[in-house]
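Below: the structure, in structure tokens.
There are 6 protein chains.
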Amino acid sequence: MTETPKPPAAAVLDALKNVSTATLTTQLFKRGFRNTFLTGLAPVNAEAAHFAAPAYTLRYIPAREDVAVPDVWADHEYPQRKAIESAPEGCALVIDSMGDVRSGSVGDILIKRLQVRGVAALITDGALRDTPAIHAMNYPAFCAGAAAPASVATLYAADLQVPIACAGVAIFPGDIMVGDAEGVVVVPRRLADEVARDAGEQERFERFVHERIEQGHSTFGTYPPNDETLAAYETWSEKE
Amino acid sequence: MTETPKPPAAAVLDALKNVSTATLTTQLFKRGFRNTFLTGLAPVNAEAAHFAAPAYTLRYIPAREDVAVPDVWADHEYPQRKAIESAPEGCALVIDSMGDVRSGSVGDILIKRLQVRGVAALITDGALRDTPAIHAMNYPAFCAGAAAPASVATLYAADLQVPIACAGVAIFPGDIMVGDAEGVVVVPRRLADEVARDAGEQERFERFVHERIEQGHSTFGTYPPNDETLAAYETWSEKE
Amino acid sequence: MTETPKPPAAAVLDALKNVSTATLTTQLFKRGFRNTFLTGLAPVNAEAAHFAAPAYTLRYIPAREDVAVPDVWADHEYPQRKAIESAPEGCALVIDSMGDVRSGSVGDILIKRLQVRGVAALITDGALRDTPAIHAMNYPAFCAGAAAPASVATLYAADLQVPIACAGVAIFPGDIMVGDAEGVVVVPRRLADEVARDAGEQERFERFVHERIEQGHSTFGTYPPNDETLAAYETWSEKE
Amino acid sequence: MTETPKPPAAAVLDALKNVSTATLTTQLFKRGFRNTFLTGLAPVNAEAAHFAAPAYTLRYIPAREDVAVPDVWADHEYPQRKAIESAPEGCALVIDSMGDVRSGSVGDILIKRLQVRGVAALITDGALRDTPAIHAMNYPAFCAGAAAPASVATLYAADLQVPIACAGVAIFPGDIMVGDAEGVVVVPRRLADEVARDAGEQERFERFVHERIEQGHSTFGTYPPNDETLAAYETWSEKE
Amino acid sequence: MTETPKPPAAAVLDALKNVSTATLTTQLFKRGFRNTFLTGLAPVNAEAAHFAAPAYTLRYIPAREDVAVPDVWADHEYPQRKAIESAPEGCALVIDSMGDVRSGSVGDILIKRLQVRGVAALITDGALRDTPAIHAMNYPAFCAGAAAPASVATLYAADLQVPIACAGVAIFPGDIMVGDAEGVVVVPRRLADEVARDAGEQERFERFVHERIEQGHSTFGTYPPNDETLAAYETWSEKE
Amino acid sequence: MTETPKPPAAAVLDALKNVSTATLTTQLFKRGFRNTFLTGLAPVNAEAAHFAAPAYTLRYIPAREDVAVPDVWADHEYPQRKAIESAPEGCALVIDSMGDVRSGSVGDILIKRLQVRGVAALITDGALRDTPAIHAMNYPAFCAGAAAPASVATLYAADLQVPIACAGVAIFPGDIMVGDAEGVVVVPRRLADEVARDAGEQERFERFVHERIEQGHSTFGTYPPNDETLAAYETWSEKE
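Protein chains in written order, with the numbering used here: chain G, -13 to 226; chain Z, -13 to 226; chain F, -13 to 226; chain C, -13 to 226; chain X, -13 to 226; chain E, -13 to 226.
Right under this line is the structure:
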């Protein structure tokens, strides 16, 4: 396993947090990446969806009756429990639940602990339990559904900090996860700086495009822009 | 390809817009149609779901790496972009995305242009991107999910104004699409007038039934009605 | 078919209604039950989700063109219609729709009648129709989706009060259904009393745990508790 | 529950057994039935697929840990075991397994007993276990897959001789099941006689069509036939 | 719609027919194409699977009760029937059935006509009907399943010779379809010549690799080859 | 990660190889395990399906464009390639492909190398490529489908010898995999000895039951046996 890379500068994370996941997927598409959005995940609370943070990963396999038992909860080395206490402040805990939505990957008590410890977000491609309580926490938590049963009903934690699949997308520890009300995108670690920079510029241009469309301009020539539109953008930029 | 039929009279569209999709499927079922509701689609904003409009269709196929590239966005003949500028005022743009929810069929800028141009609604059996911004537009937009990536990540536009599949239902150009907070139904063009008429009468009767049920009447004899109920309805109708 | 068992005491139903479905699945897991949560169902109105009631069951099979016709609606022995008038006050009507979300298992008029008659809740693993109107009723109604078409479009009612599958879970008539904003769990009838008792105690302890976590305690030693935490809990309990 | 209807005459069953399931679905389609083929089922042994027999039905629900235990196997009233000894000679045992292919609906010993008792066929929309041994039996057994675990691993038998769903199709006790190497179709009981008669005539005409097509005729005018083709068919019929 | 391109030279088609679909996907992957294999399709008869031919496309949408009726079979302009008589000799008829396996895209009589007319292959991402008879024809026919009902039960033919989706892959008219016992791959038309050339060389090298592996060489250094292996290959090539 | 356990004695593996997977799932069910069969996998060649061997595991995640490139094939530390050369003689290579059947987990050259090296079997819950060539090898290879593309088209190898999911079942390195024409079952390592012993006795008894059933005995009293049947079995056992 390769070393987990150093997180990007705070300013980069800040810039990523302030653009939309739609903008980020466009930047990644331009760099050859077609599969970076975690399809089908939604924030438990859409008002608390914005975050950008390096991935700390947890991996589940299917439960087996002899090992997936409540006793594991007392084992400080059991990866699910260890994740809650070892995920670094500022990271996003990302869980590979194999898309299993029959049980909750974690519940409100563990998420509360993540929140207290300063972990920035929780993402699973399975379900969460205690979702009404999680909704009230104003915490960025993303999942594929709500399910009351504890994880051991169908899942067993196998690993921490290994490359995982989450909602059909590859996540390597240290990759940058970014969320908004639309969902979650992963930005490969080595691209974080340049994507953050270009995403900001893209959103600035698209604000201008929105104005032009509202003024009644055709999308032809505006989006993507022709020379005339680019000149108008230059003027607009100077004024802004 | 047969000619696209003329739209119904404005009064017919108005009547269709003012009944529920549930009522319309009942009228269509009585005429032998079991499969007219676009299963699994929801409005981005339930407050902005009511519309009735003739279908203008766009068809996607899967993306292929040599043709599904950002350059197509500048091609005014590319069907996705052409659709935005050529869909007639008052129609509903209906998109066959083959149920692919991994990318957004369209995003907020193109939908804003549709809104400015007076296109009545946007329906896709795929996902939409920029859904938080679309939610804020108060525009009838229906989809099967939210996905940040641009359409070219997984889709390529192939055709305009051909018969399509949308959410498992056949849509012919000119068929009447009707939406409410429950979803979208298609009314075959040639049935629009009679369905509009009978749907209004059905809803009037069901308002009476609701009153009776609230008063404590059994559903037996009330829904469907026996002679006594029909007589009471006649009296009720006169008073109303 | 075995007799439907007597409902539990009102105090037991009350206790079950006042705990979360998450708590109940934990109690059931401890007794060897891994599959008691009805995965994928959600309340139409999350504000009106809490209930606990014995199951009264209705079973659908696929529609066949010669029998699934509007005429059945006038047949008082047709199980769907009979269910509405025969489900006892205080029970929950639970419908096996085989997960078919293409049509509504029932609609607003029938649910209004259930509400008037004092039936406590309506649960289907299919869709409901007229969901905007149902939302306005403040009634515990759970489903896997919204679909405008009447049930006969794809479903035919075959049976009342037999063991059914609902969302992948076995439901026997008389089992106790419990709902909250997260979804619905089934408590096997013979376990209702002991589960109600232990669930209350579990929630009391978890309120204490929440306080500890908010105070900054590690989950290690707190959840599950070590001797020190248990002692603190004893003190806390005495004060409360 | 309505009475199970009397089986058709042996000659009718014989006629049905000697036409293809494709022919039968065409006859049923002409009578308004679009959904009579059990999609996705295949014979364990394609050489032993032909049969026609009235349906005797068994219905499963999901297993629950307290009742789905090996002890049920000794209970002569447990519907799965009762089915094996009570299904009448000459019938087809049709099982609603809710499409669950994780365990075998039945295995080789029970199917051997059905074969010894003269039961004509076994159909499940779940899996079968011991499929290598069943293949060797030359018995018409149809399923959606092979799975080693016994049924109790995921299924619990709930009912005998009730209307069921099998592979998405409604089956009423006494309906006529017909199989060939392509799969299984259900013929509603009251249509058996007329469908048997017309299916024979259809196949006779299609043998003629095959000859014509092999001779190089266009499908236009041949299939469906124009007057010239019908005249040629008359001549052909006389010779045959 | 762009013009359908000219077919490649017979020698190119011959070369493509004589390599495996596995080899072709590798050649296409090296040129940037990740999605060219029609996942989930199998030949009805594995002994009759090899072919290479330009695509002639047919597109279905869902059936609607007023248009999907047996009468369409007599309409020479109905795209399904027109396809059978207009698909050019030497092409492959490729059908977009939207993955619907509930009815047969075509049956034995129409496929017999294709065979008589010299059409090289038939591919659908739906089902075929009369599969036992088709198996006996020794004709390259690929499908996702077997289903007895005629296409009109669930499908309606909408178009000929337009870009389609087939098993999740984009197919443009004139693209080269190649089949073997593993399944079907599409080679974009403009790449046919170079892929045919390089695929032959790849298979030649892999024959050498197979020999080396059978002799006990490690895959390390052999596959992919290091300099020593390449030298050995050169020697081997001279001898062959 | 815990140490991989020592393999069982050769006699135990032999005993396991000589019973059916159906028998083994029954033995495991009796010990509380409901989920040990790898649903949906089939041998490429049913004549070469029998094996019993300890699991050596390989884990895939989804491909990402920057790392899933042909260059990895030359990297001797890339887990897919390392697995082929490091899986011990006599083990079974078990691959977690996340159920992705769009590309082949491995192809004929790598499987040939496994066969030469004495690896006992290859199991994936994805697809295999070059299946016609693999069929000819008479090697126990199990998969969920056939797909021509190389794994890098959709998969990236992440790990060796960690606990994995395969076809919905937990597999720990060293667990005993057993295959036959029905599919593959996993026997937890610590149960191998006792399961091997009891499975042999179970099959002996079931041979007797088969004889009884063929003689016309009812399943009641025979399977499961009553005292009379047990006495007859004792006599039968002495004679055998």
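Here a beta-carbon is modelled for each residue, glycine too, at the ideal position from N, C-alpha and C. What you are looking at is a predicted structure, and each value in this text was computed from that prediction instead of being measured.
At a Cβ-Cβ threshold of 8 Å, residue 53/X and residue 79/X do not count as neighbours.
If you look at residue 12/C, you'll find it in the alpha helix (DSSP H) that goes 7 to 16. For residue 107/X, the enclosing beta strand (DSSP E) covers residues 107 to 110. A contact between stretches requires three or more CB pairs, one per stretch, nearer than 8 Å, and the region 37 to 56 of chain C fails this requirement with the region 63 to 74 of chain F. Where residue 164/F is concerned, the enclosing beta strand (DSSP E) starts and stops at 162 to 166.
Think of a sphere of 7 Å around the beta carbon of residue 209/F: the chain G residues whose beta carbon falls inside it are 95, in chain order. Within the same chain, and ignoring the five residues on either side of residue 195/G in sequence, the residues whose Cβ sits closer than 7 Å to its Cβ are 208, 209. When 8 Å is used as the limit between beta carbons, residue 192/C is near these residues of chain X: 95, in chain order.
Beta-bridge pairing by DSSP links residue 170/Z to 165/Z.
As the crow flies, the alpha-carbon of residue 132/Z is around 10 Å from that of residue 8/G.
Between residue 110/X and residue 49/X a beta carbon distance of about 16 Å is seen, past the 8 Å cut, so the two are scored as non-contacting.
Residues of chain C with a Cβ closer than 9 Å to the Cβ of residue 92/F do not exist; the shortest Cβ-Cβ separation is about 19 Å. For residue 146/F, the enclosing beta strand (DSSP E) covers residues 141 to 146. The three-state reading of DSSP puts residue 191/G in helix, counting H, G and I together. With fewer than 16 other CB atoms across the displayed protein chains lying within 10 angstroms of its CB, residue 190/E is exposed. Counting only runs that start and end inside the region 79 to 134 of chain C, the beta strand (DSSP E) elements of at least 3 residues fall at 107 to 110, 127 to 129. In the displayed model, residue 219/C falls within a helix according to three-state DSSP. Residues of the region 130 to 142 of chain Z whose Cβ lies closer than 8 Å to any Cβ of chain G, in chain order: 131, 132, 133, 134, 135, 136, 138, 139, 140. Taking every protein chain shown into account, the CB of residue 192/X has 16 or more other CB atoms within 10 angstroms, so this residue is buried.
The three-state secondary structure of residue 177/F, taken from DSSP, is helix. Remark: three or more beta-carbon pairs, one from each stretch, lie closer than 8 Å, so the region 146 to 155 of chain F and the region 12 to 30 of chain F are flagged as touching.
For residue 44/X, the enclosing beta strand (DSSP E) has its first and last residue at 37 to 48. Chain order gives the chain C residues near residue 166/E as 118, 134, where near means a beta carbon separation below 9 Å.
Taking C-beta separations shorter than 8 Å and ignoring five residues to either side along the sequence, the partners of residue 199/C in its chain run 205, 208, 209, following chain order.
Residues of chain C with a Cβ closer than 8 Å to the Cβ of residue 200/E are, in chain order, 98, 102. Measuring C-alpha to C-alpha distances from residue 112/C to each of 122/C, 178/C, 19/C, 142/C identifies 142/C as the nearest. Under DSSP, residue 151/Z shares a beta bridge with 156/Z. Within a 10 Å sphere around the beta-carbon of residue 18/C sit fewer than 16 other beta-carbons, which makes this residue exposed. A distance below 8 Å separates the beta carbons of residue 16/C and residue 56/X. Residue 23/X is bridged by DSSP to 171/X.
At least one CB of chain F lies nearer than 8 Å to the CB of residue 56/G.
In this structure, DSSP gives residue 29/G an extended state, which the three-state scheme calls strand. For residue 1/G, the enclosing alpha helix (DSSP H) covers residues -4 to 3. Looking at the backbone, the Cα of residue 31/F and that of residue 11/Z are separated by about 23 Å. Residues of the region 50 to 83 of chain C with a C-beta atom less than 8 Å from some C-beta of chain E are 56, 59, 60, 62, 67, 70, 71, listed in chain order. Between residue 221/C and residue 168/E, the beta carbon gap of about 53 Å keeps them out of contact (Cβ cut-off 8 Å).
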